[in-house]
Amino acid sequence: MNQDIINEIKNQDYSKITKDIEEFLIKNIEKTNAKGVILGLSGGIDSAVLAYICKRNLKEKTLAIIMPDTEITPESETEDAMKIISLTGIEYKLIDIQSIVKEYSMYLEPNSKSKGNLRARVRTNILYYYANAKNLLVLGSSDK
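Heads up: the sequence shown begins at 5 in this note's numbering, then just goes up one per residue.
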């Protein structure tokens with residue numbers, strides 16, 4: 005990694021960035037008359053950071069959905085997600101998407117790359133389903 009990029013990362017004011025994100029979320033919840041936020045929690049660093057940001061000022065207004073495909077998702081990832089839930093205390097649902105993916109796959113041509121993308125789309129559909137049902141805003145995180 006380029007040293008300039010490393011220095012740029014090290015020199016950020018992460019307290020201010022976190023505060024700005026929190027204010028943005030609160031403002032948009034109010035502006036849209038939503039009841040809160042929903043996020044997919046994988047146990048990875050990106051969704052974990054998002055969960056911790058939500059815990060600070062939106063704990064009672066946050067729903068996390070953990071969506072492993074137990075056919076391929078390592079159990080350790082689900083355990084990591086559950087640890088984050090335990091540490092943050094935010095509300096959660098655990099939904100195994102294996103049967104949903106399997107049902108979809110029965111009607112589609114076999115393709116392993118496409119099946120991986122299908123899992124991501126199933127997770128997105130579930131997030132938006134609960135967002136609509138509970139009047140929540142969907143939060144996204146990047147895996148970068």
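Positions of the beta carbon are idealized from the N, C-alpha and C atoms, including for glycine. Predicted model, so just to flag it, every value in this text is computed and none were measured.
So residue i and residue j are supposed to be a Cβ contact under 8 Å. How far apart are they, rounded?
i	j	result
GLY40	LYS65	3 Å
ILE42	LEU131	6 Å
GLY120	THR82	About 18 Å separates the two Cβ atoms, so there is no contact after all.
ALA38	ASN136	With 8 Å as the limit, ALA38 and ASN136 do not qualify as a contact, their Cβ atoms being about 11 Å apart.
ILE30	ASN61	7 Å
From what residue to what residue does the beta strand (DSSP E) around residue i run?
i	result
GLU95	95–98
ILE10	Note, ILE10: premise wrong, no beta strand (DSSP E); alpha helix (DSSP H) at 7–14.
LEU43	40–44
Spatial neighbours of residue i within its chain, please: CB distance less than 6 Å, with the 5 preceding and 5 following residues excluded, ordered by chain position.
i	result
THR74	ASP100, GLN102
For residue i, which residues in the same chain have their Cβ closer than 7 Å to its Cβ, ignoring the five residues on either side in sequence?
i	result
ARG127	GLY44, MET71, ILE101
ILE94	ALA55, CYS58, LYS59, LYS63, THR66, ALA68
ASN32	LEU141
From which residue to which residue does the alpha helix (DSSP H) around residue i run?
i	result
LEU29	18–36
LEU122	116–138
ILE104	102–109
Following a CB-centred definition, is residue i positioned closer than 8 Å to any heavy atom of the ligand SAM?
i	result
TYR56	Within the structure as shown, the ligand SAM is missing, as the structure has no ligands at all.
Give every residue of the same chain whose Cβ lies closer than 8 Å to the Cβ of residue i, excluding the five residues on either side of it in the sequence, and list them in chain order.
i	result
LEU122	VAL105, TYR108, SER109, LEU112
So, does the region 51–62 touch the region 72–92, judging by three or more C-beta pairs under 8 Å? yes
As an exercise, report each continuous alpha helix (DSSP H) stretch of at least 4 residues that is fully enclosed by the region 49–83, in chain order. 49–62
Inter-stretch contact (C-beta, 8 Å, three-pair minimum) for the region 107–118 and the region 5–18: With a cut-off of 8 Å on Cβ pairs, the region 107–118 is not in contact with the region 5–18, counting fewer than three such pairs.
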